[in-house]
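Quick notes on the structure that follows.
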Amino acid sequence: MNYAKQSLRGVYEFERLTPQRNENDPGVCMTRESLSQFLDSCSRRGISAVTVHSYKKHLEALYDYLPKDKSIHYGTLEKWRGSLVQKGYVNSTVNSYLSIANVYLDFMGRREYQLPDRLKPMLEEQPELSREEYLRMLEAARRYGKERDYLLIKLFGTVELSVRELPKLTVEAIRSGKMTTEWNRSKKVVYLPEILCKELLSFAERKGIKSGPVFQTRDGRPMNRAYVTRMIRAICPAAGVAEEKGSTRCLQKLYRSTRAGFESNISLLIEQAHNRLLEQEQLEIGWDDGSEMNG
0 MNYAKQSLRG VYEFERLTPQ RNENDPGVCM TRESLSQFLD SCSRRGISAV
50 TVHSYKKHLE ALYDYLPKDK SIHYGTLEKW RGSLVQKGYV NSTVNSYLSI
100 ANVYLDFMGR REYQLPDRLK PMLEEQPELS REEYLRMLEA ARRYGKERDY
150 LLIKLFGTVE LSVRELPKLT VEAIRSGKMT TEWNRSKKVV YLPEILCKEL
200 LSFAERKGIK SGPVFQTRDG RPMNRAYVTR MIRAICPAAG VAEEKGSTRC
250 LQKLYRSTRA GFESNISLLI EQAHNRLLEQ EQLEIGWDDG SEMNG
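Numbering of the sequence shown is given in numbering that gives the first Met the number 0, commencing with residue 0 and proceeding in unit increments.
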């Protein structure tokens with residue numbers, strides 16, 4: 000295989016490749032061993048650990064989608080793409096998943112199974128979730144005893160956090176009041192509101208979570224965007240909120256707009272305080288303060 004000789008540019012240039020297809024080919028089996036070999040090859044080529052982890056997540060999603068024999072045939076990636084769209088993934092995310100799947104197939108020497116077609120970017124605006132609707136979602140989750148859903152809604156509505164960063168939200172981080180995340184070699188410190196920390200720690204204690212991530216699936220795996228979105232949307236009907244507004248993106252948009260409103264008010268207060276200072280100084284020593292000036 001010549002994969003090790005290719006540059007990272009190959010991740011994005013698979014669209015130019017048009018291998019000849021053999022319709023009688025039985026397909027290729029995706030195994031845990033081949034996946035491990037592919038990821039090891041990426042690491043040896045100097046690709047960062049964070050990026051390799053992202054590749055692993057994308058390919059494990061494909062592995063879980065495949066039938067029991069884990070075989071990839073002509074049209075498999077096209078059907079997988081349809082399932083990703085149905086789950087609510089945006090087009091750019093779907094394209095990312097398919098890009099890595101194509102690179103993996105190149106590594107396996109089976110480029111005939113690649114799907115070169117890319118979805119066009121989505122131009123529609125994100126629905127606006129109002130503060131009132133957000134509070135109704137919290138109230139509905141509390142009313143039906145959905146504490147985990149309640150906390151997830153509150154978390155994404157009050158903290159600048161993405162779903163991929165959820166594993167970093169550990170009991171230890173909550174106790175310290177902040178968490179550090181890393182993406183594409185850049186670090187970010189997320190400060191957690193004290194009132195949210197109290198609820199999260201109380202939840203962890205009652206669930207017997209003494210350390211590590213607070214939010215996981217029942218089998219101990221990290222929650223993905225589709226999983227979290229399903230949980231949040233399940234609350235929307237009881238809250239009288241349109242289901243398309245039940246997403247982490249809408250909650251994050253509400254958080255940012257709320258912060259922007261505070262910052263705008265603070266800027267106005269600063270401007271008003273500065274103007275009052277200038278007026279006072281004008282009264283005291285201004286050239287046109289009304290006092291008689293000697294030439």
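We treat Cβ as the ideally placed atom computed from N, Cα and C, and that holds for glycine.
Option nearest E127 by Cα separation, candidates I284, L267 and E243
As a first step, residue 127 must be located in the sequence shown, where it is residue number 128. Checking every option, the nearest Cα to that of E127 belongs to E243.
Decide yes or no for the touch test of the stretch 243-262 against the stretch 159-167: beta carbon pairs closer than 8 Å, at least 3 of them.
Contact holds between the stretch 243-262 and the stretch 159-167, because three or more Cβ pairs, one in each stretch, are under 8 Å apart.
Using 8 Å for Cβ pairs, my map puts T169 next to P221. What's the rounded Cβ distance?
Working through the sequence shown from its first residue, we reach residue 169 at position 170. Working through the sequence shown from its first residue, we reach residue 221 at position 222. Going by Cβ atoms, the distance from T169 to P221 rounds to 12 Å, so no, they are not a contact pair.
Bridge partners - Y190, DSSP secondary structure assignment:
As a working mapping, residue 190 is identified with position 191 in the sequence shown. Beta-bridge annotation (DSSP): Y190 is paired with K177.
In terms of residues, what are the limits of the alpha helix (DSSP H) holding H273?
Translated into positions along the sequence shown, residue 273 becomes position 274. Under the DSSP assignment, H273 falls in the alpha helix (DSSP H) whose first and last residues are T247 to I284.
Could you name each continuous alpha helix (DSSP H) segment of 4 residues or more that falls completely within the stretch 53-135, going from the start of the chain to the end?
Along the stretch 53-135, the alpha helix (DSSP H) occurs as fully enclosed runs of 4 or more residues at 75-85 and 90-106, listed in sequence order.
How should C28 be labelled, buried or exposed, when 16 other C-beta atoms within 10 angstroms of its C-beta is the threshold for buried?
Counting from one through the sequence shown, the residue named residue 28 turns up at place 29. Result: exposed.
Given Y149, which residues of its chain have a CB within under 7 Å of its CB, disregarding the five upstream and five downstream residues?
For the purposes of this step, residue 149 is taken as residue 150 along the sequence shown, with counting starting at 1. Cβ neighbours of Y149 beyond the five flanking positions: L137, A140 and R141.
So, is Y143 buried or exposed, given that buried needs 16 or more other C-beta atoms within 10 angstroms?
Translated into positions along the sequence shown, residue 143 becomes position 144. Around the C-beta of Y143, fewer than 16 other C-beta atoms lie within 10 Å, and the residue is accordingly described as exposed.
Output the distance between the C-alpha atoms of S201 and L104, rounded to the nearest integer angstrom.
Mapped onto the sequence shown, residue 201 falls at position 202. Mapped onto the sequence shown, residue 104 falls at position 105. Approximately 46 Å between the Cα atoms of the pair.
Can you name, in chain order, every residue of its own chain whose Cβ lies under 6 Å from the Cβ of N223, other than the five neighbours on each side?
By 1-based counting over the sequence shown, the position of residue 223 is 224. Closer than 6 Å at Cβ, skipping near neighbours: no residue.
Classify N101: buried if its beta carbon has 16 or more other beta carbons within 10 angstroms, exposed otherwise.
Counting from 1 along the sequence shown, the entry for residue 101 is found at position 102. Residue burial annotation: N101 is buried, with at least 16 other C-beta atoms found within 10 angstroms of its C-beta.
DSSP on P212, reduced to helix/strand/coil?
Position 213 of the sequence shown holds residue 212. Residue state, collapsed to three classes: strand.
Can you give the Cα-Cα distance for L195 and S129, rounded to whole angstroms?
Here the question's residue 195 lines up with position 196 in the sequence shown. Here the question's residue 129 lines up with position 130 in the sequence shown. Cα-Cα distance, rounded: 20 Å.
Can you give the Cα-Cα distance for V51 and Y190, rounded to whole angstroms?
Sequence index remark: in the sequence shown, residue 51 carries index 52 (1-based). Sequence index remark: in the sequence shown, residue 190 carries index 191 (1-based). Computed Cα separation, rounded: 27 Å.
Is it the case that the Cβ atoms of S95 and H57 are separated by a distance below 8 Å?
On the sequence shown, position 96 is the one that residue 95 refers to. On the sequence shown, position 58 is the one that residue 57 refers to. Taking 8 Å as the Cβ cut-off, S95 and H57 qualify as a contacting pair.
According to DSSP, L169 sits in a beta bridge with which residue or residues?
The residue labelled residue 169 in the question sits at position 170 within the sequence shown. The sequence shown places Thr at residue 169, rather than the Leu named in the question. DSSP lists P212 as partners of T169.
Compute the Euclidean distance between the alpha carbons of G245 and L277, then round it to the nearest angstrom.
Walking along the sequence shown from the start, residue 245 turns up at place 246. Walking along the sequence shown from the start, residue 277 turns up at place 278. Between G245 and L277, the alpha-carbon positions lie close to 48 Å from each other.
From L122 to S91, what distance separates their C-alpha atoms?
As a position in the sequence shown, residue 122 is number 123, starting the count at 1. As a position in the sequence shown, residue 91 is number 92, starting the count at 1. For L122, the predicted model reports a pLDDT of 48, less than 50, meaning its position is unreliable; a value from the coordinates is still stated below. The alpha-carbon atoms of L122 and S91 are separated by roughly 11 Å.
Using the three-state DSSP reduction, which class does V27 fall into: helix, strand or coil?
Working through the sequence shown from its first residue, we reach residue 27 at position 28. Strand.
Where V240 sits in the DSSP three-state scheme
On the sequence shown, residue 240 is found 241 positions in, with the first residue counted as 1. DSSP, read as helix, strand or coil, puts V240 in coil.
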